[in-house]
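Structure record follows, encoded as structure tokens.
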């Protein structure tokens, strides 16, 4: 009898522990699958709505993509080299734009499914990491659009002989712009990556600070890969902010370092 009472008490304790971590009663596997299906359906609907919206306004979005080149040359135009180019670029703009428009909903649904399974300490890190990642990504994309693209397009469009006329395909141009904006945005996530590695104990902030000379070489290599132009000006426009972000990452890595029990209690 005493053994049965102890077993029941242990089960109640496990249930209380599960409720503490998840914020509610522990869900069964079937309930988890039903919840996952609901989150996936909502995310898919958000993507479809985003694609439809961007398909309706695809010419306005195309004009926005052409703006950096037209700052350099107001008469800049792109060409269609096949009967399918226009419809292909419509679908491409609708898809890329739809994913971007729907991304807040998709991220929310992912977090709504994952966060209840985290510990209270892990939950406190979710919002800072989420907002930090979004800040650096959007900041990098904005920097690429308003600074990198005008500089690189200005160099590329003016480079060469006067006997060669620029005839640029619409597909090639859109791929060029989206690739630059995306990869510069991703490269600006460097501080978050450094913070994550420090949190895992892979490397310390002090070690990162001591490797700053190697980091300087590395950011110029990354800039050479990300930027399409060989001129040092455009590469420096990417490498300079990345080098500054490296030191921002050192600070974040120090703040996110694994603490001892004495540090946690302020000793």
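In our numbering, the protein residues as written are 1292 to 1558.
Virtual Cβ for every residue (Gly too), placed ideally from N, Cα, C.
Bear in mind that the values here come from a model prediction, so they are computed numbers and not experimental data.
Listed in chain order, the alpha helix (DSSP H) runs fully inside the stretch 1322-1399 are 1349-1363, counting runs of at least 4 residues.
Excluding sequence positions up to five before and after residue 1445, its CB lies within less than 7 angstroms of the CB of 1363, all in the same chain and listed in chain order. In its chain, beyond the 5 residues on either side, 1442, 1443 and 1518 have a beta carbon closer than 6 angstroms to the beta carbon of residue 1525. Uninterrupted alpha helix (DSSP H) stretches at least 4 residues long and entirely within the stretch 1440-1480 occur at 1440-1449 and 1461-1478, given in chain order. Excluding its 5 nearest sequence neighbours in each direction, residue 1529 has C-beta neighbours in its own chain below 7 angstroms: 1439, 1475, 1514, 1517 and 1518, listed in chain order. Excluding the 5 residues flanking it on each side, residue 1326 has same chain C-beta neighbours closer than 8 angstroms at 1318 and 1404, in chain order. Assigned with DSSP and collapsed to three states, residue 1513 falls in helix. Note that the C-beta distance between residue 1435 and residue 1489 is not below 7 angstroms. By the criterion of a C-beta distance shorter than 7 angstroms, residue 1494 is surrounded in its chain by 1488, once the five residues flanking it on both sides are discounted. When rounded, the separation of the alpha-carbon atoms in residue 1537 and residue 1390 is 29 angstroms. Taking the Cβ atoms as the reference, residue 1430 lies roughly 16 angstroms from residue 1485, outside the contact range of under 8 angstroms. At a Cβ-Cβ threshold of 7 angstroms, residue 1384 and residue 1352 count as neighbours.
Taking 8 angstroms as the upper bound for CB-CB distance, residue 1370 and residue 1460 are in contact here, some 6 angstroms apart.
Taking C-beta separations shorter than 6 angstroms and ignoring five residues to either side along the sequence, the partners of residue 1393 in its chain run 1337, 1338 and 1341, following chain order.
Collapsing the DSSP output to three states places residue 1319 in coil. Relative to the Cα of residue 1534, the nearest Cα in the group 1547, 1361 and 1502 belongs to 1502.
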